[in-house]
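What follows is a set of notes on a single structure, which appears directly below.
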Amino acid sequence: MAAKRSNAKRIEGACLVLLLLVGRPATATVLVPADLSELARDARAIVRGRVMRLDAQWTDDRRTIETVVTLEAEGYLKGSLGPTLQFRVPGGELGRFRSITVGAPLFAVDERIVVFLGAAGPSVPYVLGLNQGVFRMLRADVGWVVMPPPAVPSAAGAGRIVRGDRSRGPLPLADFEQRVRQFIGGPR
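Take 137 as the starting number for the sequence shown in my numbering and just add one per residue.
Below you can see the structure in the form of structure tokens.
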């Protein structure tokens, strides 16, 4: 009986050690809301352009997939990264594997966007605030409009943003660019 208890304790101990070695901490995506002024201030580059290519790849640690987006730059509101640039977003599909990050933007080839990019050192830039740093451009009767419209703080401070508010309709591209330039301190 004592030998069986001893073996059972060793097996329990081995299982516990194995679980501790194999287990890894759970992670979560926490997204702090940012308004247009914060995005403009924090961005290394703000670029308007057309998505040319999407390339999914394993991250360096091979634990997840990221997508490298190649963008044909039509104009810069801040900074300059050349006529074509690449930035990365978490998530993507690679063969039979798919990685999804809640809040990460999805792109399509030939889509037109305005994107707020950040960078740390000499690495490939990334989108600031995940979906918050991507503004989609659509052709309308009045020309190009930006969707979704930015949450712009009022002069008196942050106002309440209400879902379905008609004043938050599509914003003409020229008006959007003018607001961004105001936040970054004039034309660049």
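We put the beta carbon where it would ideally sit given N, CA and C, even for glycine. This structure is a prediction, so every number in the text was calculated from the model and none was measured.
{"Check": "R318 - containing beta strand (DSSP E), residue span", "Outcome": "With the sequence shown as reference, residue 318 is identified as Gln, and Arg is not the correct amino acid for it. Run containing Q318: none in the beta strand (DSSP E); it sits in the alpha helix (DSSP H), 309-320."}
{"Check": "Three-way DSSP call (helix, strand, coil) for L242 in this model", "Outcome": "coil"}
{"Check": "Alpha-carbon spacing of G231 relative to F319, whole angstroms", "Outcome": "42 Å"}
{"Check": "Whole-Å CB distance - F223 paired with V205, under 8 Å assumed", "Outcome": "6 Å"}
{"Check": "When G218, V238, T220 are compared against P226, the one with the closest alpha-carbon", "Outcome": "V238"}
{"Check": "Cut-off 6 Å between Cβ atoms - residues of its own chain near R186, not counting five sequence neighbours on either side", "Outcome": "E208, R248"}
{"Check": "Nonlocal neighbours in the same chain, by C-beta distance under 7 Å from F233, ignoring five residues either side", "Outcome": "I201"}
{"Check": "Minimum C-alpha distance to R180 - residue among T203, N267, P169, S259", "Outcome": "S259"}
{"Check": "Cβ-based neighbour list, A309, same chain, cut-off 7 Å, excluding 5 preceding and 5 following", "Outcome": "In the sequence as displayed, the identity of residue 309 is Leu instead of Ala. Excluding positions up to five away in sequence, the list reads M273, G279, W280, V281, V282."}
{"Check": "Identified DSSP bridge partners for P226", "Outcome": "E202"}
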